[in-house]
Amino acid sequence: MTTVRTASTRALATTAILLLLAPAVFAADIAPLMEPAPEAATEAFAAPSPWQVRVRGLGVITNDSGSVNGVGGSDLSYSDSVIPELDITYYLTDNFAAELILGTTYSNIYAEGSLAAVGKVGKSWLLPPTLTLQYHFTDFGAFKPYVGAGVNYTMFYSQKGDAATALDVKNTFGTALQVGADYMINEHWGVNFDVKKLFLKADFDATIGGTNYSGKAKLDPWLIGAGITYRF
């Protein structure tokens, strides 16, 4: 009888000890599953922001061409300029990005060809915001080239006539092609070189010597820029 009681007592004691230890063993067992993998945490910390900005000095080189309706041999030319430019880029993936390009400049307009004697027709400021979709190559280390294509909407403002007593260059849509590269000095800062070609042909009206004229100004400028890049 004593032996049976002793065995029962030992069984009960063993069961009690196992019940007390079970929660601690279970908690220790699942703890590694609840902790994030070191690799995943490192990757999340190292992922760059999708936002990037650039500030450039930009040369605007126009394609001197145009015509006045009804005037044979007429032509137009435009002054070139150097301006500051800001662009904002958002990376959709590591390779694809959308870029908004902002800057404003002015252009003097000259009559050429059979109308060369008219000289300077007038002056207009223009704001040509341009949105491009880019493809970025990612296999060259710190050197990061890209190509892009997009649309442009040019707004002409503060127009003033010289030989013309009235000048009205019409706002217009255009298209854009782009090629460039960043060289990243570190994860945030880099230098940039960029070339864009805008295909821009604007209609205009002008009054010269009491006569009304209309035609098309084929600006088609090259935008050649260099500056700094900051990736957030």
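To convert a position in the sequence shown, counted from 1, into the working numbering, add 36.
Beta carbons: idealized from backbone N, C-alpha and C, even for Gly.
As the structure is a prediction and not an experimental result, all values here were calculated from the model.
Counting along the chain, no beta strand (DSSP E) covers L151, and no H or E run does either. Restricting attention to beta strand (DSSP E) runs no shorter than 3 residues, the segment 98-151 encloses them at 101-104, 110-114, 117-127, 132-138, 141-149, ordered along the chain.
Residue environment analysis places F240 among the buried positions, since at least 16 neighbouring C-beta atoms fall within 10 angstroms of its C-beta.
Taking 7 Å as the cut-off, the Cβ atoms of A242 and K206 do not count as close. In the DSSP annotation of this structure, the continuous segment of the beta strand (DSSP E) that includes P181 starts and ends at 179-197. Of the candidates S103, V227, R92, S103 places its Cα closest to the Cα of I145. Residue environment: N131 is assigned as exposed (fewer than 16 neighbouring CB atoms within 10 Å of its CB, all protein chains considered). The distance from the Cβ of L255 to that of T98 is about 5 Å, consistent with a contact at the 8 Å cut-off. DSSP, reduced to helix, strand and coil, places A242 within a strand of the structure shown.
With fewer than 16 other Cβ atoms inside 10 Å of its own Cβ, T129 counts as exposed. Contact between N228 and A262 is confirmed by a C-beta separation of about 7 Å, below the 8 Å threshold. Around the C-beta of L138, fewer than 16 other C-beta atoms lie within 10 Å, and the residue is accordingly described as exposed. Residue environment for Y114: buried (at least 16 other C-beta atoms within 10 angstroms of its C-beta). Contact between L167 and T140 does not hold, since their C-beta atoms are separated by about 16 Å, which reaches or exceeds 8 Å. The C-beta separation of V89 from I119 comes to about 17 Å, leaving the pair out of contact by the 8 Å criterion. When rounded, the separation of the alpha-carbon atoms in S117 and P257 is 11 Å. When DSSP states are grouped into helix, strand and coil, D175 belongs to the coil group. Taking the Cα positions, A178 is about 24 Å away from L213. For K252, the uninterrupted beta strand (DSSP E) segment begins and ends at 247-254.
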